Ligand SMILES: [Zn+2]
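In my numbering, the protein residues as written are 207 to 472.
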């Protein structure tokens, strides 16, 4: 399978505004130009002539012209394209668990899966990186996008071992904040905020674990490397949960309160 496949924008992908005809940019509206640029991870600020200039510059680059930004709309389109390609190749694509909207409480409100340990994190971050990892991902600042000064985030092409190590440093530096969790019969869900290195910016991170095996099934982050579900911030959130397990065991607060009440009743 062509590894750059998931990133190549086609008319049939249905990514809104990604492919435009006619290509004469002067006939396009500002909104159309912005959407076209946005899909490609380019900045959308400035006057219409600046947008047109950016449009023409990218259009002239035959290699990158129709390459989707992996982080566009939280990586939704990359994931859809990836699944479509895998299905076309007859690979069974497991359905991802859907993150609940309500019912979150301060971590650890629920029991953390008893099998969960650092090995699961290492496996998810380092070893299970998708096989369709894009071999080249356009860096927006190669085209002079000074607004996108985001290099504190893990680059998607950077080694995932480094993401794991950076995650450990983030936990040590207390960069993991406002962690919440909830669980149901099959899954244990985590979400939290991770400070982006020395900056004050916050990355919102989520992770879903299997309640039975403790394996990390899915994770998301709002940073640039998020599309593949593996970055230093995701590592940090998972390692934060693991630190709690190492220090206090797998039990959540809720359970401790119940046990205490039972003890009182006795
Ligand atoms: Zn991230």
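Beta carbons: idealized from backbone N, C-alpha and C, even for Gly.
Predicted model, so just to flag it, every value in this text is computed and none were measured.
*Could you give the DSSP three-state label for residue 256: helix, strand or coil?*
The residue you call residue 256 lines up with position 50 of the chain shown. Correct three-state label for residue 256: helix.
*What's the gap between the Cα of residue 389 and the Cα of residue 255?*
Here the question's residue 389 lines up with position 183 in the chain shown. Here the question's residue 255 lines up with position 49 in the chain shown. Using only the alpha carbons, I get a separation of about 51 Å.
*Can you name the start and end residues of the alpha helix (DSSP H) that residue 395 belongs to?*
Translated into the one-based positions of the chain shown, residue 395 becomes position 189. Note, residue 395: premise wrong, no alpha helix (DSSP H); beta strand (DSSP E) at 393 to 401.
*Beta carbon of residue 458, beta carbon of residue 317: below 8 Å?*
For the purposes of this step, residue 458 is taken as the residue at position 252 of the chain shown. For the purposes of this step, residue 317 is taken as the residue at position 111 of the chain shown. Yes, the pair counts as a contact, with Cβ atoms nearer than the cut-off.
_Any non-hydrogen atom of ligand 1 closer than 7 Å to residue 367 Cβ_ = Against the chain shown, residue 367 aligns to sequence position 161. Checking every heavy atom of ligand 1 against the Cβ of residue 367, none is found closer than 7 Å.
*Between residue 371 and ligand 1, is the CB less than 7 Å from at least one heavy atom?*
Counting from one through the chain shown, the residue named residue 371 turns up at place 165. Answer for residue 371: no, Cβ out of range of ligand 1.
_For residue 382, list the residues DSSP reports as bridge partners._
Reading the chain shown from its first residue, position 176 is the one you call residue 382. According to DSSP, which records beta bridges pairwise, residue 382 is partnered with 400.
*When you compare only the Cα positions, how much space is there between residue 323 and residue 329?*
Against the chain shown, residue 323 aligns to sequence position 117. Against the chain shown, residue 329 aligns to sequence position 123. Near 10 Å, if we compare the C-alpha coordinates of residue 329 and residue 323.
*Run through DSSP, which three-state label would residue 265 get?*
Locating residue 265 in the chain shown gives position 59, counting from the first residue. Correct three-state label for residue 265: helix.
*In the structure shown, what three-state DSSP assignment does residue 412 receive?*
To locate residue 412, count along the chain shown from 1; it is residue 206. Three-state DSSP puts residue 412 in a strand.
*Nearest-angstrom Cα distance between residue 220 and residue 273?*
What you label residue 220 is simply residue 14 of the chain shown in a count that begins at 1. What you label residue 273 is simply residue 67 of the chain shown in a count that begins at 1. Taking the straight line from one Cα to the other gives about 14 Å.
*Is the closest heavy atom of ligand 1 to the C-beta of residue 456 under 7 Å?*
Residue numbering aside, residue 456 sits at position 250 when the chain shown is read from its first letter. Answer for residue 456: no, Cβ out of range of ligand 1.
*If we count Cβ pairs, one from each stretch, closer than 8 Å, do we get three or more for the stretch 440 to 459 versus the stretch 304 to 320?*
yes
*asked:* Considering just the uninterrupted stretch of the alpha helix (DSSP H) at residue 237, what are its terminal residues?
replied: On the chain shown, position 31 is the one that residue 237 refers to. Per DSSP, residue 237 belongs to the alpha helix (DSSP H) from 236 to 245.
_Cβ shell of residue 383 (< 6 Å), same chain only, five flanking positions each side left out_ = Taking the first residue of the chain shown as position 1, residue 383 is located at position 177. For residue 383, where only same-chain residues beyond five positions count, the Cβ hits under 6 Å are 399.
*Could you say which of 417, 418, 435 lies nearest to residue 425 if we only look at CA atoms?*
If you number the chain shown from 1, residue 425 lands on position 219. Selected option, being the one with the closest Cα: 435.
*asked:* For residue 227 and residue 277, I'd like the C-alpha separation in whole angstroms.
replied: The residue given as residue 227 occupies position 21 in the chain shown. The residue given as residue 277 occupies position 71 in the chain shown. Using only the alpha carbons, I get a separation of about 24 Å.
_residue 438 Cβ short of 7 Å to ligand 1 heavy atom set_ = Numbered from 1 along the chain shown, position 232 holds the residue referred to as residue 438. The answer is yes for residue 438.
*Who are residue 214's beta bridge partners in DSSP?*
For the purposes of this step, residue 214 is identified with residue 8 of the chain shown, where counting begins at 1. Paired residue(s): 273.
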